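In what follows, a single structure is set out as structure tokens and then discussed.
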Amino acid sequence: MTTTRPCSLLSTANALPRHRASFTRWAGACAVAFAAFHATAQAAPGLGTPPAVIPLNSQAPAELHLYPPVAEALARGVVILQFRTENFRVFPVFGTGALGVSPRIGHLHVTVDGMPPTWAHTSSEPIIVVGLKPGLHEILVELADPSHGIVAAQTARITVPDTQAGPHPTHR
Numbered sequence: 127m128t129t130t131r132p133c134s135l136l137s138t139a140n141a142l143p144r145h146r147a148s149f150t151r152w153a154g155a156c157a158v159a160f161a162a163f164h165a166t167a168q169a170a171p172g173l174g175t176p177p178a179v180i181p182l183n184s185q186a187p188a189e190l191h192l193y194p195p196v197a198e199a200l201a202r203g204v205v206i207l208q209f210r211t212e213n214f215r216v217f218p219v220f221g222t223g224a225l226g227v228s229p230r231i232g233h234l235h236v237t238v239d240g241m242p243p244t245w246a247h248t249s250s251e252p253i254i255v256v257g258l259k260p261g262l263h264e265i266l267v268e269l270a271d272p273s274h275g276i277v278a279a280q281t282a283r284i285t286v287p288d289t290q291a292g293p294h295p296t297h298r
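Quick note on my numbering: the sequence shown kicks off at 127 and runs consecutively.
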């Protein structure tokens, strides 16, 4: 039968004198390193910190990229268009005062089949269109600046399947 001896603080404390010298050297070295790092990380007095966003004098052109609609949703008659933008951020900001914001911001104009209404899409979430009749449709997506000036555009040509042709395989 083996017996285990509980750990005691006394036995640990007795071992400390043997390692105290190396611990003291290690702690001193850490303190010196921290002080040196802290001294170099401080900014010179009176300079302050740089701004969080630096305005860009010239920006690359804004780009819009549409992805094919989500197939599973399209099979149910729902069009989900995912997109990404380059050199342009989609925000719910309007008016000429926001034209000078850098990096460039704005919103999307979405038009289905060239018919009114065109609506403003103001988030980076996918564009969702429901209620389209089966057949071919065109969805025009435009990047618009805060004063509704068009910066870039792309058209998605989508065929909505006839969902009334028969019951969905998962519904009984």
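Note that the Cβ used here is the ideal one computed from N, Cα and C, for glycine as well. Only a predicted model underlies this, so the values are computations on that prediction, with no experimental measurement involved.
Cβ-based neighbour list, residue i, same chain, cut-off 6 angstroms, excluding 5 preceding and 5 following
{"i": "residue 265", "result": "238, 282"}
{"i": "residue 186", "result": "213"}
{"i": "residue 305", "result": "Because the chain spans 127 through 298 in this model, residue 305 falls outside it and cannot be assessed."}
Straight-line Cα distance separating residue j from residue i
{"i": "residue 279", "j": "residue 190", "result": "7 angstroms"}
{"i": "residue 220", "j": "residue 184", "result": "22 angstroms"}
{"i": "residue 286", "j": "residue 201", "result": "8 angstroms"}
{"i": "residue 204", "j": "residue 263", "result": "12 angstroms"}
{"i": "residue 228", "j": "residue 211", "result": "15 angstroms"}
Cβ-based neighbour list, residue i, same chain, cut-off 7 angstroms, excluding 5 preceding and 5 following
{"i": "residue 313", "result": "Coverage of the chain is limited to positions 127 through 298, which leaves residue 313 absent and any answer about it impossible."}
{"i": "residue 96", "result": "Given that the chain is displayed from residue 127 to residue 298, the structure contains no residue 96 and the question cannot be resolved."}
{"i": "residue 192", "result": "207, 209, 267, 280, 282"}
{"i": "residue 130", "result": "At residue 130, the pLDDT of 49 sits below 50, so the modelled position is not reliable; the number obtained from the coordinates is stated separately. Same-chain partners within the cutoff: there are none."}
Extent of the continuous alpha helix (DSSP H) run through residue i
{"i": "residue 198", "result": "197–200"}
Candidates the options, of which the one nearest residue i by Cα
{"i": "residue 268", "options": "289, 203, 202, 209", "result": "209"}
{"i": "residue 261", "options": "288, 240, 270", "result": "288"}
{"i": "residue 256", "options": "230, 231, 284", "result": "284"}
8 angstroms Cβ shell around residue i - same chain, five flanking residues per side excluded
{"i": "residue 270", "result": "232, 233, 234, 235, 246, 276, 277"}
{"i": "residue 164", "result": "Only weak support is given to the placement of residue 164: the predicted model assigns it a pLDDT of 44, under 50, and the value that follows is read from those uncertain coordinates. Nothing listed; no residue qualifies."}
Enclosing beta strand (DSSP E) for residue i [first to last residue]
{"i": "residue 211", "result": "209–212"}
{"i": "residue 270", "result": "261–270"}
{"i": "residue 224", "result": "Run containing residue 224: none; DSSP gives neither H nor E here."}
{"i": "residue 74", "result": "Nothing can be reported for residue 74: it is not among the residues displayed for the chain, which extend from 127 to 298."}
{"i": "residue 189", "result": "189–192"}
Min CB distance residue i to chain D below 8 angstroms
{"i": "residue 271", "result": "The structure shown contains no chain D; it is built from a single protein chain."}
Contact between the stretch 262–276 and the stretch 223–235 is defined here as three or more beta-carbon pairs at a separation below 8 angstroms; is this criterion met?
yes
Report yes or no: do the stretch 221–228 and the stretch 241–250 share at least 3 C-beta pairs separated by less than 8 angstroms?
no
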